[in-house]
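Just below is one structure, and these are the notes that go with it.
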Amino acid sequence: MNKVIITEHPLIQHKLTLMRMKDTGSKDFRELLTEITMLMGYEVTKDLPLTDIEIDTPVGKTNSKILAGKKLAIVPILRAGIGMVDGFVSLIPAAKVGHIGLYRDPETCKPVEYYCKLPQDIGEREVFLVDPMLATGGSATAAIELLREKGAKNIRLINLVAAPEGIEEVHSKYPDVDIYVASVDEKLDDHKYIVPGLGDAGDRLFGTK
Ligand code: URA
Numbered sequence: 001m002n003k004v005i006i007t008e009h010p011l012i013q014h015k016l017t018l019m020r021m022k023d024t025g026s027k028d029f030r031e032l033l034t035e036i037t038m039l040m041g042y043e044v045t046k047d048l049p050l051t052d053i054e055i056d057t058p059v060g061k062t063n064s065k066i067l068a069g070k071k072l073a074i075v076p077i078l079r080a081g082i083g084m085v086d087g088f089v090s091l092i093p094a095a096k097v098g099h100i101g102l103y104r105d106p107e108t109c110k111p112v113e114y115y116c117k118l119p120q121d122i123g124e125r126e127v128f129l130v131d132p133m134l135a136t137g138g139s140a141t142a143a144i145e146l147l148r149e150k151g152a153k154n155i156r157l158i159n160l161v162a163a164p165e166g167i168e169e170v171h172s173k174y175p176d177v178d179i180y181v182a183s184v185d186e187k188l189d190d191h192k193y194i195v196p197g198l199g200d201a202g203d204r205l206f207g208t209k
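So that you can map any letter, position 19 of the sequence shown is 19 in my numbering, and since no number is skipped, the others follow by simple counting.
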């Protein structure tokens, strides 16, 4: 059964409140999302394996820990997921970045794939699938399906805000995918927007309203 890990750090919650405010402009919205992604990165990377190496400090020799070199891939769901890439890449510069393009059909509210480019060795990588909003779960499950088809085995889903309906959808289809979120909101409205949410994350990031 998948775990839902809610990152409740005060800095994350404070910054998320600023992002939710309707008068917060694109520049601040973008910066806040990057900052929150970095803070969430602390939780998401908590179990990465370490190994010991011998080093020389200016004072003497010691055995010290470094990341064991587990290969990672950051995969944003376009377009809003792009807003979570910089935060992760600045923490894990060696990670490769794939992209999955899905848009939500305005009539059916179902995801339609229009782009997919992933690292060739995706099957050997731990995948961080990122999208600020987990609403119906349609895009997330479509992206997970695509990743699985391309050979990805270990996938974590990282969202900023989730609706209970989206968590349930991922939960029922992919019980082995853990979900990291900063907030689980109340519900979806009739247009499948998260309530209270923060509106359309892509429009707010890119100023396209
Ligand atoms: N996508 C968004 O950007 N916002 C929502 O509330 C739901 C889906």
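Glycine included, C-beta positions come from ideal geometry on N, C-alpha and C.
Nearest-angstrom Cα separation, counted from residue j out to residue i
| i | j | result |
| --- | --- | --- |
| Lys-65 | Val-44 | 19 Å |
| Lys-150 | Leu-129 | 14 Å |
| Ser-172 | Thr-141 | 10 Å |
| Leu-16 | Lys-61 | 44 Å |
| Asp-23 | Leu-205 | 13 Å |
| Asp-47 | Leu-198 | 30 Å |
| Cys-116 | His-99 | 6 Å |
Whole-angstrom C-beta distance between residue j and residue i, which should lie under 8 Å
| i | j | result |
| --- | --- | --- |
| Leu-146 | Glu-113 | 7 Å |
| Val-4 | Ile-155 | Contact doesn't hold; Cβ gap of about 15 Å is too wide. |
| Leu-91 | Gly-41 | 5 Å |
| Ile-12 | Leu-39 | 5 Å |
Beta carbon of residue i nearer than 8 Å to that of residue j
| i | j | result |
| --- | --- | --- |
| Lys-192 | Thr-136 | yes |
| Pro-132 | Gly-166 | no |
| Leu-210 | Leu-18 | Absent from the model: residue 210. The displayed extent of the chain is 1 to 209, so no value can be given. |
| Val-170 | Asp-185 | no |
| Ala-163 | Ile-194 | yes |
| Thr-7 | Ala-182 | yes |
| Gly-138 | Pro-111 | yes |
| Ala-94 | Val-127 | no |
| Thr-37 | Gly-87 | yes |
Opening and closing residue of the beta strand (DSSP E) in which residue i lies
| i | result |
| --- | --- |
| Pro-111 | 111-117 |
| Leu-102 | 99-104 |
| Val-170 | No beta strand (DSSP E) contains Val-170, which is instead part of the alpha helix (DSSP H) from 164-173. |
| Ile-92 | Segment: none, Ile-92 is in no beta strand (DSSP E) and carries neither H nor E. |
Residue range of the unbroken alpha helix (DSSP H) whose run includes residue i
| i | result |
| --- | --- |
| Leu-147 | 138-149 |
| Leu-32 | 26-44 |
| Pro-76 | It is not in any alpha helix (DSSP H) - Pro-76 instead sits in the beta strand (DSSP E) that spans 72-78. |
| Asp-178 | Taken as a continuous stretch (DSSP letters only), Asp-178 belongs to no alpha helix (DSSP H), being part of the beta strand (DSSP E) at 178-181. |
field: Contact set, ligand 1 heavy atom to C-beta under 6 Å
entry: Ala-80, Met-133, Ala-135, Tyr-193, Ile-194, Gly-197, Asp-200, Ala-201, Gly-202
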